[in-house]
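Structure first, commentary second.
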Amino acid sequence: SQTIHQWPATLVQPVGSPLSLECTVEGTSNPNLYWYRQAAGRGLQLLFYSVGIGQISSEVPQNLSASRPQDRQFILSSKKLLLSDSGFYLCAWSVKRESEKLFFGSGTQLSVL
Amino acid sequence: SQQGEEDPQALSIQEGENATMNCSYKTSINNLQWYRQNSGRGLVHLILIRSNEREKHSGRLRVTLDTSKKSSSLLITASRAADTASYFCARGVTGRRALTFGSGTRLQVQP
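Same order as they appear, the protein sequences are chains V and Y. For the first sequence, the residue numbers in the numbering used here are 1308 to 1420. For the second sequence, the residue numbers in the numbering used here are 10 to 120.
In structure tokens:
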């Protein structure tokens, strides 16, 4: 069966520090991968998605970047965090068909202080 | 904006009652999905309804879709305290790989 791992679960970082969140998927190959962000009590905002190794599409211009160095690995990064980067970050995967259902990781709660 | 609205934003009911949540959207869709999120956790897929379907059932869940009104509803029958969570609708749009999520309905089921 397929599983998705996302870590860390919580992270407290000072403003200006770098960020690296990692997500890996097991039990499937060539998935679509996604990073979403959720502000407290709000809906999900799509940040990045990837249809293959090295292929990243950015939805919102911001202080973050994403990379997909391996088929089932998706990394969210920042060189210098801002206060506004605080939020709940969710990784998800789907099969290759368009608009199919998403399988989410357990999320990372990021607090930038 | 492609984002729609969920209504109500919050809902509090007693155990055993039915809970109805609504989702409206603006653009044409090829499917609409409902997800559940327990506090501080990832989202879990509940049900997907395609644009050519009008109603779908899964256990205690019933989803309807009215493409002429660009709206969907999620009905949870005989609610339980364990149904307490936030519920989100997500739209699948032709030509767009990622889903667009609404702002969610926070459901509280009182035991």
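Don't be surprised by glycine CBs; every beta carbon is placed ideally from N, CA and C. The structure presented is a predicted model; accordingly, all values stated were derived computationally and were not measured.
Quick one: what's residue i bridged to in DSSP?
i	result
Y1343 of chain V	V:L1353, V:L1397
E14 of chain Y	Y:S33
I85 of chain Y	Y:A28, Y:L70
R115 of chain Y	Y:A19, Y:S95
K65 of chain Y	Y:V72
N40 of chain Y	Y:R59, Y:G101
I1363 of chain V	Partner(s): none; I1363 of chain V has no beta bridge.
L1318 of chain V	V:L1417
R45 of chain Y	Y:V53, Y:Y96
Q1380 of chain V	V:T1331, V:Q1377
L108 of chain Y	Bridge partners of L108 of chain Y: none, in fact.
Output, in chain order, the set of chain V residues within a Cβ distance shorter than 8 Å of residue i.
i	result
S112 of chain Y	R1349, G1350
Take residue i and list the residues in its own chain whose beta-carbon comes closer than 6 Å to its own, dropping the five residues that flank it on each side.
i	result
T103 of chain Y	N39
Q1369 of chain V	none
H1312 of chain V	T1331
Q1352 of chain V	R1344
S1418 of chain V	V1319, S1393
S1364 of chain V	Y1356
R59 of chain Y	N40
T1317 of chain V	Q1416
L52 of chain Y	Y44, Q46
Residues of chain Y with CB closer than 9 Å to the CB of residue i, please, in chain order.
i	result
F1411 of chain V	Y44, Q46, R50, G51, L52, V53, H54
G1361 of chain V	Within 9 Å Cβ-Cβ: nothing; G1361 of chain V doesn't reach chain Y, min ~16 Å.
L1358 of chain V	Checking the sequence shown, residue 1358 of chain V turns out to be Val, not Leu. In chain order: R106.
Whose Cβ in chain V lies nearer than 7 Å to the Cβ of residue i?
i	result
L57 of chain Y	K1408
Tell me which same chain residues have a C-beta within less than 8 Å of the C-beta of residue i, skipping the five on either side of it?
i	result
A1347 of chain V	G1394, F1395
Q1362 of chain V	R1375
K1408 of chain V	S1401
R9 of chain Y	This structure cannot speak to residue 9 of chain Y, because chain Y is shown only from 10 to 120.
S1308 of chain V	G1334
Leaving aside the five residues before and after residue i along the sequence, list all residues of the same chain whose C-beta is less than 7 Å from its C-beta, in chain order.
i	result
V118 of chain Y	I22, E24, S88, R89, A90, D92, T93
T1310 of chain V	E1333, G1334
G1323 of chain V	K1387, L1388
V1358 of chain V	N1339
K79 of chain Y	S33, Y34, K35
H54 of chain Y	Q42, Y44
Quick test of your reading: residue i and residue j, contact by CB under 8 Å. State the CB separation rounded to the nearest angstrom.
i	j	result
S67 of chain Y	I85 of chain Y	Wrong, their Cβ atoms sit about 11 Å apart, outside the cutoff.
T109 of chain Y	A99 of chain Y	6 Å
A1373 of chain V	L1383 of chain V	5 Å
L41 of chain Y	L70 of chain Y	About 13 Å separates the two Cβ atoms, so there is no contact after all.
S1391 of chain V	P1325 of chain V	With a Cβ gap of about 16 Å, S1391 of chain V and P1325 of chain V do not count as contacting.
So residue i contacts chain Y; which residues on that side make the cut at Cβ distance below 8 Å?
i	result
E1329 of chain V	Simply none; closest approach about 15 Å.
G1414 of chain V	G49, R50, G51
What does residue i touch in chain Y if you count any residue whose Cβ is under 7 Å from its own?
i	result
L1353 of chain V	A107
Is the CB of residue i under 8 Å away from at least one CB in chain C?
i	result
G111 of chain Y	This model lacks chain C altogether, as its protein chains are V and Y.
The stretch 36-54 of chain Y: positions lying closer than 9 Å to chain V by Cβ: I38, N39, N40, Q42, Y44, Q46, G49, R50, G51, L52, V53, H54
May I ask you to list, following chain order, the residues of the stretch 94-108 of chain Y that have a beta carbon less than 9 Å from some beta carbon of chain V? S95, F97, A99, R100, G101, V102, T103, G104, R105, R106, A107, L108
- Item | Residues of the stretch 1377-1397 of chain V with Cβ closer than 9 Å to any Cβ of chain Y, in chain order | F1395, L1397
Practice prompt. With 8 Å as the limit, tell me which residues of the stretch 1334-1345 of chain V have their beta carbon closer than that to any beta carbon of chain Y; keep them in chain order.
Written response: N1339, Y1341, Y1343
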